[in-house]
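In the working numbering, the protein residues as written are 97 to 606. Below is one structure, written out as structure tokens, with a few remarks after it.
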RNA sequence: GCCGCGUUGGUCAAGGGGUUAAGACGCCUCCCUUUCACGGAGGAAUCACGGGUUCGAAUCCCGUACGUGGUACCA
């Protein structure tokens, strides 16, 4: 049995958003699960829409998601080139072959001619023009024209396209791994253009030829391709490759959270969440849109979240590492219906991943965030302890700033409002005594700090509970954060005393 | 318009003839924590509708509605 080979074929026209990454992910999981190959093919057949940099962006995004193996996607099995524009010559050859076999024909109608015809039909109230079996004999093509006329046109350099010739009432059977057995007829499909006037193939020709040449065994793509699946199946048949046809699976769409439509790039801005894995600059508006990465997502969480959108293992497990996903993945368990994207749930995945990740894993990511705020980390061990202490309360990596900045910088704003109403001279004296006691302390472990704190409170007949809040605010600036004594312990003696003194100086000596 | 695909709480979903119809997110209540989270306990909320088939339908069939995709020399 031949080894599994799946291919992912993004088009470098607009970056790569959620749906695309998920398609890549499912392809990758399937390939890894079956110890097969993942082939990345770049669908740049429409040069007019090609966006400079998009290809690089796609590769970087997949790398961030750990979907590309370290050695690159195409190590094993040399079927290069993988960029469609570089494979131009292959397609023409097969398109011509189809014409010879009578399954395709040359068409000379210009786009404008077709457009006007379309308009006319529409204004006459007729349904949309389908360049197919009903009308092809009235059009300008090698079927309606004589051999001589056709040759003359071609030899004189008239631009032409090659269209597939699809007969009516033909049955096409598709066994989809997700949707099951499907039966369609050819009445709804028109004579698709296979080779454009510029010599580039359309997607229809390109997928079939490349999948054949690259020995692809499984073709998974978005559901938007289902309506044109009969064209592709027919192409496999007409080219005589039917026995090599890959198994198909059409993945459900990711939909807008608020209903109505496939998730698009605009929805992110509109609804306030990212739709790109990495930051992306829109080629038209030049506007930079933050990605999941910049928002503080861990790639593990991003991938996990994406995998659970349309797939589940059939168990109650929701948190999966990449290796676990690979082990559990099965294309049959992918849903057949679209799923609305829920950013709240996405954040929940991130929170879970931050909680379960070691401080070692988190340290480099958090370090970057702090560096952006001009905070440099000198003591790595202490840094990891800080991460361990606060990570449970961070949903996004960027939350580490808010949750831990006071370990590195004295709080800018101290919430005196929360201290003042219950402040009195006894409390003031308590803290003065606390400073004295702490400065003499031999151990700076949090248990000792707590012990002496409570002891002093007891001696002064004060409730420790009423003193802990002011203490916390002195250290962190507000009513939040982990246990006060742990904070004090990590802060160190000098800094702790400094912060108590500072706040005390702001409070009245009543 | 035509064609395709789909429809289980607000969202993700398990379940595929007999179930008290799992679980998760979000929301609410309580406990824990002398802060905020984490954690724990509980709660509200669902089989789109109408017909069949069947002793019995969320589950099978047919319609309808709704959603979604395609209908390009875009992918």
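Even glycine gets a Cβ: it sits at the ideal position worked out from N, Cα and C.
- The beta carbons of residue 402 and residue 117 sit closer together than 9 Å.
- Relative to residue 288, the option among 367, 263, 267 and 306 whose CA is nearest is 263.
- Rounded to the nearest angstrom, the Cβ distance from residue 300 to residue 324 is 7 Å, consistent with a contact under 8 Å.
- Here the alpha carbons of residue 366 and residue 526 stand approximately 53 Å from one another.
- Look at residue 199 here: in three-state DSSP terms it is coil, with no helix or strand label.
- Nearest neighbour of residue 513 by Cα position, chosen from 254, 599, 383 and 452, turns out to be 599.
- The beta-carbon distance between residue 460 and residue 161, rounded to whole angstroms, is 17 Å. This is too long to meet the 8 Å contact definition.
- Closest in C-alpha terms to residue 449, from the list 417, 440 and 520, comes 417.
- According to DSSP, residue pairing for residue 317 in a beta bridge involves 346.
- Under DSSP, the beta-bridge partners assigned to residue 280 are 268.
- Fewer than three Cβ pairs drawn from the stretch 500 to 508 and the stretch 546 to 566 lie within less than 8 Å of each other, which leaves the two stretches out of contact.
- If you draw a straight line from the Cα of residue 336 to the Cα of residue 281, it comes to about 20 Å.
- Our two residues, residue 590 and residue 545, have alpha carbons roughly 14 Å apart in a direct line.
- Straight-line spacing of the CA atoms in residue 524 and residue 472 works out to 35 Å.
- Under the three-state reduction of DSSP, residue 259 is assigned to strand.
- For residue 421, the CB contacts under 7 Å within the same chain, skipping 5 residues up- and downstream, are 125 and 403 in chain order.
- The three-state secondary structure of residue 103, taken from DSSP, is strand.
- Assignment of residue 135 by DSSP, reduced to helix, strand and coil, places it in the strand class.
- In the three-state reduction of the DSSP assignment, residue 604 falls in the coil class.
- One thing to note: residue 397 has its Cβ no nearer than 9 Å to the Cβ of residue 435.
- Take the alpha-carbon of residue 176 and the one of residue 386: they are about 33 Å apart.
- In this structure, residue 275 lies away from residue 426, with their beta-carbon atoms at least 9 Å apart.
- Residue burial annotation: residue 189 is exposed, with fewer than 16 other C-beta atoms found within 10 angstroms of its C-beta.
- DSSP places residue 568 within a helical segment (H, G or I) once states are collapsed to three.
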